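Trainee: So the sequence shown is residues 13 to 318, counted in this note's numbering. Glycine is no exception: its CB is placed at the ideal position from the N, C-alpha and C atoms. On a predicted model such as this, the values are computed, not experimentally measured, just so you know.
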Amino acid sequence: LDLDAIDLSSELFGKRLTAPLLISSMTGGADRARDINLRLAEAAQEFGIAMAVGSQRAGLESDDLAGSYQVRGAAPDILLFANIGAVQLNYGFGTDDARRAVDMIQADALFLHLNPLQEAVQPEGDRNWQGLYDKIEALVRDLSVPVAVKEVGNGISASVARRLADCGVAAIDVAGAGGTSWSEVEAHRQPDSATRGVAHGFAGWGIPTALALIETRRAVGDRPIFASGGVRDGIDVAKAVRLGAALVGVAQPMLGAAADPDGSVATRLNALVTELKIAAFCTGSRDLVTLRKATLRRSDDWSVMG
Numbered sequence: 013l014d015l016d017a018i019d020l021s022s023e024l025f026g027k028r029l030t031a032p033l034l035i036s037s038m039t040g041g042a043d044r045a046r047d048i049n050l051r052l053a054e055a056a057q058e059f060g061i062a063m064a065v066g067s068q069r070a071g072l073e074s075d076d077l078a079g080s081y082q083v084r085g086a087a088p089d090i091l092l093f094a095n096i097g098a099v100q101l102n103y104g105f106g107t108d109d110a111r112r113a114v115d116m117i118q119a120d121a122l123f124l125h126l127n128p129l130q131e132a133v134q135p136e137g138d139r140n141w142q143g144l145y146d147k148i149e150a151l152v153r154d155l156s157v158p159v160a161v162k163e164v165g166n167g168i169s170a171s172v173a174r175r176l177a178d179c180g181v182a183a184i185d186v187a188g189a190g191g192t193s194w195s196e197v198e199a200h201r202q203p204d205s206a207t208r209g210v211a212h213g214f215a216g217w218g219i220p221t222a223l224a225l226i227e228t229r230r231a232v233g234d235r236p237i238f239a240s241g242g243v244r245d246g247i248d249v250a251k252a253v254r255l256g257a258a259l260v261g262v263a264q265p266m267l268g269a270a271a272d273p274d275g276s277v278a279t280r281l282n283a284l285v286t287e288l289k290i291a292a293f294c295t296g297s298r299d300l301v302t303l304r305k306a307t308l309r310r311s312d313d314w315s316v317m318g
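Encoded structure:
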């Protein structure tokens, strides 16, 4: 193979991607959020990859905060995801609010994020999740852009993936355990020691990203599956692609670079893409199609799995 000729491109939701990378949902509606989001968007535009903004609830509830999410001017060509919490559909949000979130940032698609654990360990959390599948199905039917559903770091099981597929969602991001633990984040927010202890107890809760990806892939067939949660480098990206991911989300490494005045998101992204290309090269994979067929072995006895 010619390393320089390896093709990592793909197409998703009508947008061409030069690599199967997503700068995952992180921030918005807070101090410095606009500057961080703009730096991330500029890098996404430069590298031709996808980006998702953080939860837009704050921007929907306050026009003064909407600007912190608005990055389309810096990234006119990227695949851009809006983002609202799925549970908000049980607390007064509907199709009109979802449209407002999409229109706010001129998004190509919408993420509904699932964060039941985070809500459960918050004293002020939204804990009524009953009947949510029906509301997701209605939103998928009524919204004019693709609706994808993502977890936030605890993973999606095969049974949940099947229910979401039955709702007609366009894609599922398994967002497994291995990266940021929002339960641990909530533990650090709580002044009450008892509440803090409960949240801390769930810090390691969830399905690891690789396992969530494998079982979700088996559960929903050809529907696009995204992988995120603990992805740190291009080798992790290559593994996720081999396990069936159409798109691989990276958050913490990008946020660290964007939040550091001396950091370079472009440098970090370039390293990710280079690592992914080298991983493809070393497995004899000329493109993403062949990488998804690369030999897969168990780590304990090196037996071939596929």
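With distance defined between alpha-carbon atoms, name the residue in 159, 23, 193 nearest to residue 180.
Mentor: In the sequence shown, residue 180 corresponds to position 168, counting from 1. Measuring from the Cα of residue 180, the nearest candidate turns out to be 159.
Trainee: Can you confirm whether the region 154 to 173 touches the region 183 to 195 when touching is taken to mean that 3 or more C-beta pairs between the two stretches lie within less than 8 angstroms?
Mentor: The region 183 to 195 is in contact with the region 154 to 173.
Trainee: What residue does the alpha helix (DSSP H) around residue 162 start on, and which one ends it?
Mentor: As a position in the sequence shown, residue 162 is number 150, starting the count at 1. Note, residue 162: premise wrong, no alpha helix (DSSP H); beta strand (DSSP E) at 159 to 163.
Trainee: Taking Cβ positions, are residue 122 and residue 155 nearer each other than 8 angstroms?
Mentor: Taking the first residue of the sequence shown as position 1, residue 122 is located at position 110. Taking the first residue of the sequence shown as position 1, residue 155 is located at position 143. Yes, the pair counts as a contact, with Cβ atoms nearer than the cut-off.
Trainee: With residue 225 and residue 255 assumed to form a contact (beta carbons below 8 angstroms), what rounded beta-carbon distance in angstroms separates them?
Mentor: Your numbering for residue 225 matches position 213 in the sequence shown. Your numbering for residue 255 matches position 243 in the sequence shown. That pair is a contact at about 5 angstroms.
Trainee: Mark residue 13 as exposed unless 16 or more other C-beta atoms lie within 10 angstroms of its C-beta, in which case mark it buried.
Mentor: Position 1 of the sequence shown, counted from the start, is the residue given in the question as residue 13. Flag for residue 13 reads exposed.
Trainee: Excluding the 5 residues flanking residue 271 on each side, which residues of the same chain have their C-beta closer than 8 angstroms to its C-beta?
Mentor: Residue numbering aside, residue 271 sits at position 259 when the sequence shown is read from its first letter. Correct list, in chain order: 44, 48.
Trainee: Within 10 angstroms of its Cβ, does residue 314 collect 16 or more other Cβ (buried), or is it exposed?
Mentor: In the sequence shown, residue 314 corresponds to position 302, counting from 1. When all chains shown are included, residue 314 counts as exposed.
Trainee: Given this structure, state the Cα-to-Cα distance separating residue 285 from residue 276, to the nearest angstrom.
Mentor: Here residue 285 refers to the residue found at position 273 when the sequence shown is read from its first residue. Here residue 276 refers to the residue found at position 264 when the sequence shown is read from its first residue. Straight-line Cα distance between these residues: approximately 15 angstroms.
Trainee: Using a Cβ distance threshold of 8 angstroms, determine whether the region 88 to 103 contacts the region 50 to 59, with at least three qualifying pairs required.
Mentor: Taking 8 angstroms as the limit for Cβ pairs, the verdict is that the region 50 to 59 does touch the region 88 to 103.
Trainee: Going by C-alpha distance, which of 33, 27, 17, 20 is nearest residue 259?
Mentor: By 1-based counting over the sequence shown, the position of residue 259 is 247. That would be 33, whose Cα lies nearest to the Cα of residue 259.
Trainee: I think residue 21 touches residue 29, with their Cβ atoms under 8 angstroms apart; what is that distance to the nearest whole Å?
Mentor: As a working note, residue 21 is residue 9 in the sequence shown. As a working note, residue 29 is residue 17 in the sequence shown. At roughly 6 angstroms, the Cβ-Cβ gap stays under 8 angstroms, so residue 21 and residue 29 are in contact.
Trainee: Please report how far the alpha carbon of residue 99 lies from the alpha carbon of residue 39, in whole angstroms.
Mentor: Against the sequence shown, residue 99 aligns to sequence position 87. Against the sequence shown, residue 39 aligns to sequence position 27. Cα to Cα, the separation comes out at about 19 angstroms.
Trainee: Given 8 angstroms as the limit, is there contact between the region 193 to 211 and the region 144 to 153, that is, 3 or more CB pairs closer than that?
Mentor: As far as the Cβ criterion goes, the region 193 to 211 does not touch the region 144 to 153, which means the pair count is below three.
Trainee: With DSSP collapsed to three states, give me the class of residue 128.
Mentor: Your numbering for residue 128 matches position 116 in the sequence shown. In the structure shown, residue 128 sits in a helix (DSSP, three-state: H, G or I).
Trainee: Let me make sure I understand the geometry here. Which of 51, 93, 114, 290 has the alpha-carbon closest to that of residue 27?
Mentor: Translated into positions along the sequence shown, residue 27 becomes position 15. The residue with the shortest Cα to Cα distance from residue 27 is 93.
Trainee: Can you check DSSP and say which residues form a bridge with residue 95?
Mentor: Position 83 of the sequence shown, counted from the first residue, corresponds to residue 95. According to DSSP, which records beta bridges pairwise, residue 95 is partnered with 123.
Trainee: Only counting the same chain, and skipping five residues up and downstream in sequence, which positions put a Cβ closer than 6 angstroms to that of residue 319?
Mentor: Residue coverage of the chain in this structure runs from 13 to 318, which leaves residue 319 outside it and unanswerable.
Trainee: Quick check: what's the CA-CA separation for residue 312 versus residue 227?
Mentor: Numbered from 1 along the sequence shown, position 300 holds the residue referred to as residue 312. Numbered from 1 along the sequence shown, position 215 holds the residue referred to as residue 227. If you take the alpha carbons of residue 312 and residue 227, they lie about 20 angstroms apart.
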